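**Student:** Its first residue numbered 3, the sequence shown is counted upward by one per residue in our numbering.
Structure incoming, see below.
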Amino acid sequence: MSNNSKTIFVLNGPNLNLLGKREPEIYGAQSLVDVEKLCGGFLGARGYDLDFRQSNHEGELVTWLHEAWDNSCGVCINAGAYTHTSIALHDAIRGIEVPVVELHLSNIHAREEFRHTSMIAAACIGQISGFGTASYTLALEALITHIA
Ligand code: DQA
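Here's what the structure looks like:
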């Protein structure tokens, strides 16, 4: 059950602070600040507030997912490389009673084999992957549609 919050958490995992500088041929030239502005504009126009965060630490992402249970109506998460390894994130997503959408800038299924497995996918309501920064707004659209 979701609460009455109109806030959506967008959580970003390891190395996403380097967005725009890191492997731009894969992840694009826009920075994480650009992505935050994109998400804020998209949500503002639809009557939602944005809480946008990034951490390189798995446990911090777990704690923020717990926080989202009381303080948001849903979460979009780009868990970065923790996508492929983290049972802790899987359990946190399963444990909270707010919908969570998994997202990736790149198409993880078209890349190295170790990226084909997502440890969090089964705990999420769905996955958006491969649309660059538009993956963020597509994930938000999917989440809002699900909530409504
Ligand atoms: C990523 C894909 C992951 O495999 C990778 O570890 C990342 C970024 C993406 O947005 O495409 O850090 O989540």
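Don't be surprised by glycine CBs; every beta carbon is placed ideally from N, CA and C.
Computed from a predicted structure; not experimentally measured.
Out of curiosity, what's the CA-to-CA distance linking residue 112 and residue 130?
**Tutor:** Rounded to whole angstroms, residue 112 to residue 130 spans 13 Å at the Cα level.
**Student:** Name the DSSP bridge partner or partners of residue 51?
**Tutor:** Looking at the DSSP assignment, residue 51 forms a beta bridge with 9.
**Student:** Roughly how far, in whole angstroms, is the beta-carbon of residue 15 from the beta-carbon of residue 81, given that I think they are within contact range, below 8 Å?
**Tutor:** Right, the Cβ-Cβ distance comes to about 4 Å (below 8 Å), so this counts as a contact.
**Student:** Could you check what DSSP says for residue 59 in three-state terms: helix, strand or coil?
**Tutor:** Residue 59: coil per DSSP, three-state reduction.
**Student:** Would residue 71 pass as a contact of residue 99 if the rule is Cβ separation under 8 Å?
**Tutor:** Yes. Within cutoff.
**Student:** For residue 12, count the other beta carbons within 10 Å of its own beta carbon; 16 or more makes it buried, fewer makes it exposed. Which is it?
**Tutor:** Answer is buried; the Cβ neighbour count reaches 16.
**Student:** Helix, strand or coil: which one does DSSP assign to residue 3?
**Tutor:** Note on residue 3: pLDDT 44, under 50, position unreliable in the model; the coordinate value appears next. Here residue 3 sits in coil by DSSP.
**Student:** Taking the beta carbon of residue 135 as the centre, do at least 16 other beta carbons fall within 10 Å, making it buried, or is it exposed?
**Tutor:** It is buried - the Cβ of residue 135 has at least 16 other Cβ atoms within 10 Å.
**Student:** In terms of residue numbering, what span does the alpha helix (DSSP H) encompassing residue 35 cover?
**Tutor:** Looking at the DSSP string, the run of the alpha helix (DSSP H) that includes residue 35 is 34 to 46.
**Student:** What are the partner residues of residue 80, as DSSP defines its beta bridges?
**Tutor:** Residue 80 is bridged to 14.
**Student:** May I ask you to list the residues that DSSP assigns as paired with residue 28?
**Tutor:** None, per the DSSP bridge assignment.
**Student:** Determine whether the beta carbon atoms of residue 125 and residue 96 lie at a separation below 8 Å.
**Tutor:** For residue 125 and residue 96, yes; Cβs fall inside 8 Å.
**Student:** Buried or exposed for residue 101, going by 16 or more other Cβ atoms inside 10 Å?
**Tutor:** Residue 101 comes out buried.
**Student:** Hey, residue 28 and residue 85 are a contact pair by Cβ (cut 8 Å); roughly how many whole angstroms apart?
**Tutor:** 15 Å between Cβ atoms; not a contact.
**Student:** DSSP state of residue 130, grouped into three classes?
**Tutor:** Residue 130: strand per DSSP, three-state reduction.
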